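So the structure is just underneath, and the comments pick up after that.
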Ligand SMILES: [Zn+2]
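Residue numbers (our numbering): 1 to 244.
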């Protein structure tokens, strides 16, 4: 089975990436990727002082407008590659900062980074419930995922709560090739549960430069190893509905 080529975790100059949206889109086309998502950082934690990020409504609007233009270009040119609007939300941000700046329906994908505790799950749940309460049409709601999630935080305690949470909100687990240590066989039971419970899986490489845009092979190896191909295909079906 030939799986499409995805990289749904890419940073641009809007945060700490080195390239513009235009450079990313043209390099991704050259490299033959099928689905890409730009996911710049969003935070008001201490990291905001060291990592440039999408820290204001005005900057987020500029960022989304720019991706919009390239989505239209790809559509008008009938290119096979789909481009998505994403954002990577640091869970050490304050709840107020997140809900005041992020209108979820403006995005295709929301990535959450640094989910490391059961409290973190409740924090995300509260925000999702607030957002969903404000969203009239549930099909407008973005796909959500855990960026470079480290299973070790839940290996001893909370794995069932985590898997229930991922299943309930159709939240994907990302195979991020910058963090191969998270896909070790010592987490086999975690990956078996992803398969058993049909949790969506995604692929990203946390690309900060166009030279790494297609560094995704290791993720395909792991997905095949843990027999999660159909979980990836389910994600692709959702992406196909979201593309313009
Ligand atoms: Zn990232």
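Virtual Cβ for every residue (Gly too), placed ideally from N, Cα, C. All values reported here derive from a predicted model rather than from experimental measurement.
For residue i, the three-state DSSP class (helix, strand or coil)
i           : result
residue 76  : helix
residue 84  : strand
residue 207 : strand
residue 91  : coil
residue 10  : strand
residue 51  : coil
residue 104 : helix
residue 65  : helix
residue 213 : coil
residue 57  : helix
residue 196 : helix
Burial state of residue i (16 or more Cβ within 10 Å)
i           : result
residue 161 : exposed
residue 142 : buried
residue 131 : buried
residue 144 : buried
residue 104 : buried
residue 192 : exposed
residue 50  : exposed
residue 231 : buried
residue 6   : buried
residue 183 : buried
residue 186 : exposed
Residue range of the unbroken alpha helix (DSSP H) whose run includes residue i
i           : result
residue 42  : Element bounds for residue 42: not the alpha helix (DSSP H) but the beta strand (DSSP E), 35-42.
residue 235 : 229-242
residue 22  : 21-30
residue 224 : 217-225
Cβ separation of residue i and residue j, assumed to be a contact under 8 Å, to the nearest whole Å
i           : j           : result
residue 153 : residue 89  : Between residue 89 and residue 153 the Cβ distance is about 17 Å, and since that is not below 8 Å, they are no contact.
residue 108 : residue 37  : 7 Å
residue 8   : residue 204 : 5 Å
residue 222 : residue 175 : 5 Å
residue 271 : residue 83  : Nothing can be reported for residue 271: it is not among the residues displayed for the chain, which extend from 1 to 244.
residue 4   : residue 30  : Not quite, the Cβ-Cβ distance comes to about 17 Å (not below 8 Å), so this is no contact.
residue 163 : residue 197 : 6 Å
residue 87  : residue 150 : That belief does not hold up - the Cβ atoms of residue 87 and residue 150 are roughly 20 Å apart, past 8 Å.
residue 10  : residue 207 : 5 Å
First and last residue of the uninterrupted beta strand (DSSP E) at residue i
i           : result
residue 201 : 201-204
residue 109 : 109-113
What runs of the alpha helix (DSSP H), each 4 residues or longer, lie entirely inside the region 117-194?
Listed in chain order, the complete alpha helix (DSSP H) runs (minimum 4 residues) inside the region 117-194 are 118-134, 159-168.
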